[in-house]
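Chains as they are written, first to last, in this note's numbering: chain A, 1 to 285; chain B, 1001 to 1308; chain C, 2001 to 2480.
Each residue gets a CB set at the ideal place from its N, CA and C atoms; glycine is no exception.
Take a look at the structure below.
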Amino acid sequence: MDHASRLERILRGIAIAAMVLFFMFPIFWILLMSFQTNETILRNPPSMAFAPTLSNYAALLTGRLDTAAGTLDIDFMQNLKNSVILSVFSVAVALLLGVPAAYAFARHKFRGSEDIAFTLLSFRFAPPLLVVLPLALYFQDIGLADTYIGLIWVYQLICLPLILWIVRGYFEDISPDVEYAYRIAGHSWFATFRRIALPLAGPGIAAAGLLAFIFAWNNFVFALVLGSADKQPVTVGALAFVTASGIQYGQIAAAVVLSIAPTLALAIYAQRYLVEGLSLGAVKG
Amino acid sequence: MAVTADIDGAARRRFRIGTRALPYLLSLPALLVCIGILIPFFTAVYYSLQRYRLSQPWAREMNWGETYWQLLTDPSFWNTLQVSLAYTFFAVGLQLVLGLGIALLLQERTRLNNVVSIMLLLPLMTAPALAALMWKLMTNPNFGILSYFVTLLGVEDFRWASSPETALMTVVLVDVWVYTPFIMILLLAGLRSLPRQPFEAAALDGVPRSFVFLRITLPMLMPYILTAVLFRLLEAIQQFDIIYAMTQGGPGNTLMVFQVEAYLNFFQSTNVARSAALLLILWAITFAISNVFIKNWLRLRERARGEI
Amino acid sequence: MFEKEKDLVDAFVRGQVSRRGLLRGLAALGVTAATADLLINRATTQALAQDFDWQRHSGTGVKLLLNKHPYTDAMIANLETFTSLTGMEVAYDVFPEDVYFDKVTAALASRSSEYDAFMTGAYMTWTYGPAGWCNDLAEWIGDPEKTAPGYAWEDMLPGLRASTAWSGRPGDPLGGEGAKQWCIPWGFELNNLSYNRVMFDQAGVTPPQNMGELVEAAAKLNRDVEGAYGIGVRGSRSWATIHPGFLSAYANFGQKDLSVSEDGKLSAAMNTPESKDFHAQWVKMIQDSGPTNWSTYTWYQVGTDLGAGASAMIYDADILGFFMNGGDNAQAGNLGYAPFAANPAADAPTPNVWVWSLAMSAFSRNPDAAWYFLQWASGVEHALFGAREQDFVNPVRQSVWSDEAFRARMDKSYPGYVQQYEASAPGAQIYFTPQPLFFDLTTEWAATLQEMVADQVSVDEGLDRLAESVDGQLADAGLG
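Take a look at the structure:
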């Protein structure tokens, strides 16, 4: 591609610029909006010139929303906390259960292993509502209604198959010889797993964990159907900013920014693992 | 290794006994957790075979598939199927074209390309429900920046998601915004892992680039393309977050897809049976697609192994 | 509380000092009106406690499921009064309206005992009641052991008491024979015009008197007022699009959603020639002068636009116009209110009402304690406090409407509001036929309206198709 003509280089540049614009602009615009009051947002035509205000963020952080109907307590910080709890624990549980299982599928070809592995993966493809709506009817009976445990369990539907699949692929890529030699040297199975297999598969596990975290964070429907107000994550919480005395657009924007900031930050910070996880999870095995 | 033969033998024996039960023990907890979630699935099957509305508890009775029959003879069901398929087709089609194009543009490992590909990853990290909210704000007729741009182009009264002509386009646009990066990143990984020799040979022979693309790049990339597309197909046909947050299936029934209709049937009409039946039909469709996917995936893996 | 203030307030409670005298006295002591009312509310509520054992459930607690709403805000602002009166703790979950009713359905359908009481509308109890999810409150209201003598159930507006009671037999009239009190009216709204007086003056328009004038006025405003459209009405694909202005005007032409035969069978009634004429006018009005993205409009957008000056008038809940006339809304102070009878031949408006009500969960572990909360929250004292100091309007009690302080507040800041209310109150009731398929029917109705406005289907064809579909569903459910 050394002989790419000048024209071609220019066209490429324009295409790349257009893409970046299309994919980045919405995020940029919401960010701008989050620093404006309703008054400047509602100006027509829209204008870039405004005095930035932090009042929207202040309202979210302190949980006090000033509206015509008085001050309204809005617990967005609780939503954020719920998102963190649900995502972190779901991923932790999924890693705890998924990594050993992935190791078993990768290292031991046992009877029915492909079937079990396929069954587990197929959960990823079941319509979520198919599972969640009946659960809504009897979560109460099994005592899991409105508990983090109940929600974290349901979150396994998203996290577990993902981790299982990606980590299995990673284990399969690592030659078993080292582990075998270590076993021969008289070390227990568990020591081999912990000292040899896990560290070698570290990057794959990191990638899978990151992806699972992002999917869990972005989930909308599980908590919407199964959780009470104090268990809702940010994805549902951000919809809560319409009040009877008018819609506070600036606060909606600030809530969106706060809600997507953790996953965006994670994506930028750990992009290498993420890209690896994405391509591995879908393509390899 | 200073290990005597007997100890070695004993270890091997233990190792073997261990291996027989071990994989089951290791995979059992994961399986149990998922099986637990399977129970609601069977509950849904049971509900779908009943006449079951929460608002008429006295009329609840088994009706053995009558709900399915009513669905199949109801034009609104066929509308739902059609909308779901149209949504899936347009969303995934556009994403593939765009994703492939972008992957080709960013193929070379330059610093700029790497930075751009990370930037393009960000929409994928945005929750679809929140992405829908962002686009809803951007298309607001009073202050939405996109509505403003459209008026600058001389189009008055462009109604985005609130007009049946443009509603599908609008939600597909949001889907494209969120998920194109997914396809892009898979294909980029694929492109960068292709062997170099065929391309170098073609360059030496002066083969035209369009020929190289159609006859070398595309076939070699095909396994990646298929996988990415099938992944997206399964998710797109189950779309809920974006459509629910933007229009709840309206205007009219323009955007009434499976999961949105099932949700409304359950919560608004409290018609549990119909909701369950709709979801089971959707499940059957996705099960069929995912079977194709798994078979394809296993074949790909075998071939990859064979080549190495 | 300081001694002087306390003496003064107690004197008022004993009836020795008039309200005005009291407020003057308190003002002289440097107490603001808002604080004064809170003090009075505490004191009068304490006075209540003397002839009834409010402390019976002291030490217990109730948990509420609430919608994000000014009524909720007003209740929470006064919650300490309840706590000090009864010694009960109150916990609550507040959800935004977008997901509120789904949460109620989910909680009740799973027979959750978490919530003792919840906010609801009358329509919802047509599902909850027959499903066995909420209690018939007549049992508690009629029991002097459990209900304070000062509760004054008869003081609730009779139309609202009837609207929240139903026998559970599809098609039976609300409040008719064998009706069970599924919920208690709390605050309500009726549907009339709220308009921007400045824009009306600017375009030389006066409040329209019938449907034809409404369509014309909206079109004129749409043309003549820069930056605003003519009329705001709801349009989202939901039952909520049907029940406000739309059904009020529809009912004014004597039209019904369903007809009930002698033997109690239901059938669709929305494809009559009169109904088709009305639909055609309504659809034209939205096409010509409605909001651009009407089909996504819920009451939040309808209200926000009026408050921001993006629309010249709305045909929606009167309280929406009320809320928009205050706070930091751009048009606060510019709004006026007018009763509206769509049918030129009608004597008076027939607004369909929405009654925010309180219901008791059938799964509550301590229904008697829950009732203590319900009777306080729907009692005279809290109603007065909410109406005078907070946005707890429209009040459901006659005594509040007669309250001097409330009327003075309304006349001062909301000109024409009380007149609008009084002109339409006699005709205000629920105009839907109670039956369990209410949400199926109204959602499909809204979807059909959306198709008509988008010119996907003609009015005649759309209504015939809707009627056919509704009849089919009624037959399936064993109601038709």
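Residue-level contact to chain A via CB, residue i, 7 Å cutoff
{"i": "Thr1170(B)", "result": "no"}
{"i": "Thr1073(B)", "result": "no"}
{"i": "Met1246(B)", "result": "no"}
{"i": "Ser2110(C)", "result": "yes"}
{"i": "Ala2308(C)", "result": "yes"}
{"i": "Leu1081(B)", "result": "no"}
Test: residue i CB closer than 7 Å to a CB of chain C
{"i": "Gln1067(B)", "result": "In the sequence as displayed, the identity of residue 1067(B) is Thr instead of Gln. By this cut-off, Thr1067(B) is not an interface position."}
{"i": "Pro1057(B)", "result": "yes"}
{"i": "Pro1251(B)", "result": "yes"}
{"i": "Ala51(A)", "result": "no"}
{"i": "Ser47(A)", "result": "no"}
{"i": "Leu239(A)", "result": "yes"}
{"i": "Asn1142(B)", "result": "yes"}
{"i": "Ser83(A)", "result": "no"}
Closer than 7 Å to chain B by CB, residue i
{"i": "Gln2450(C)", "result": "yes"}
{"i": "Gln2456(C)", "result": "yes"}
{"i": "Pro2436(C)", "result": "yes"}
{"i": "Asp2440(C)", "result": "yes"}
{"i": "Pro2244(C)", "result": "no"}
{"i": "Val99(A)", "result": "no"}
Chain D within 7 Å of residue i, Cβ atoms only
{"i": "Leu1054(B)", "result": "Here chain D cannot be found, since the structure's protein chains are A, B and C."}
Residue i burial status per 10 Å Cβ neighbour count (16 or more: buried)
{"i": "Gly204(A)", "result": "buried"}
{"i": "Gln2287(C)", "result": "exposed"}
{"i": "Phe2253(C)", "result": "buried"}
{"i": "Asn1291(B)", "result": "exposed"}
{"i": "Pro2344(C)", "result": "exposed"}
{"i": "Arg43(A)", "result": "exposed"}
{"i": "Asp2391(C)", "result": "buried"}
{"i": "Arg1111(B)", "result": "exposed"}
{"i": "Thr1073(B)", "result": "exposed"}
{"i": "Ala2228(C)", "result": "buried"}
{"i": "Phe2487(C)", "result": "Since the first and last residues shown for chain C are 2001 and 2480, residue 2487(C) lies out of range."}
{"i": "Gln2420(C)", "result": "buried"}
{"i": "Leu2441(C)", "result": "buried"}
{"i": "Thr2206(C)", "result": "exposed"}
{"i": "Phe123(A)", "result": "buried"}
Cα-Cα separation, residue i to residue j
{"i": "Ala2117(C)", "j": "Ala2106(C)", "result": "14 Å"}
{"i": "Ala2425(C)", "j": "Ala2405(C)", "result": "20 Å"}
{"i": "Thr40(A)", "j": "Phe50(A)", "result": "7 Å"}
{"i": "Ser5(A)", "j": "Arg111(A)", "result": "58 Å"}
{"i": "Leu1191(B)", "j": "Trp2445(C)", "result": "52 Å"}
{"i": "Leu266(A)", "j": "Tyr2123(C)", "result": "46 Å"}
{"i": "Ile1225(B)", "j": "Ala1273(B)", "result": "38 Å"}
{"i": "Arg2388(C)", "j": "Tyr2250(C)", "result": "34 Å"}
{"i": "Pro2339(C)", "j": "Phe2322(C)", "result": "14 Å"}
{"i": "Gln251(A)", "j": "Met2360(C)", "result": "34 Å"}
Which residues DSSP lists as bridging residue i, in chain order
{"i": "Ser2259(C)", "result": "Ser2267(C)"}
{"i": "Arg2397(C)", "result": "Met2156(C)"}
{"i": "Leu2065(C)", "result": "Asp2093(C), Phe2118(C)"}
{"i": "Tyr2337(C)", "result": "Ser2194(C)"}
{"i": "Lys2180(C)", "result": "Trp2166(C)"}
{"i": "Tyr2229(C)", "result": "Ser2311(C)"}
{"i": "Met2360(C)", "result": "Ala2117(C)"}
{"i": "Asn2352(C)", "result": "Gln2429(C)"}
{"i": "Gly2187(C)", "result": "Trp2356(C), Pro2395(C)"}
_So if I threshold CB-CB distances at 9 Å, which residues from the stretch 139 to 164 of chain A count as touching chain C?_
So the list reads Phe139, Gln140, Asp141, Ala145, Asp146, given in the order they occur along the chain.
_Near-chain C residues of the stretch 1150 to 1168 of chain B (beta-carbon distance less than 7 Å), N- to C-terminal order_ = Under the 7 Å Cβ criterion, the stretch 1150 to 1168 of chain B contributes Asp1157, Arg1159, Trp1160, Ala1161, Ser1162, Ser1163, Pro1164.
*chain C contacts made by the stretch 251 to 267 of chain A, where a contact means CB separation under 8 Å*: Here the close residues number zero.
*Using a beta-carbon distance cut-off of less than 9 Å, what residues from the stretch 1266 to 1298 of chain B approach chain C?*
Of all residues in the stretch 1266 to 1298 of chain B, the ones placed with a Cβ closer than 9 Å to any Cβ belonging to chain C are Phe1266, Phe1267, Gln1268, Ser1269, Thr1270, Asn1271, Val1272, in chain order.
*Of the residues that make up the stretch 2092 to 2111 of chain C, which ones have a beta carbon closer than 8 Å to any beta carbon in chain A?*
Listed in sequence order: Asp2093, Val2094, Phe2095, Pro2096, Glu2097, Asp2098, Val2099, Asp2102, Lys2103, Ala2106, Ala2107, Ala2109, Ser2110, Arg2111.
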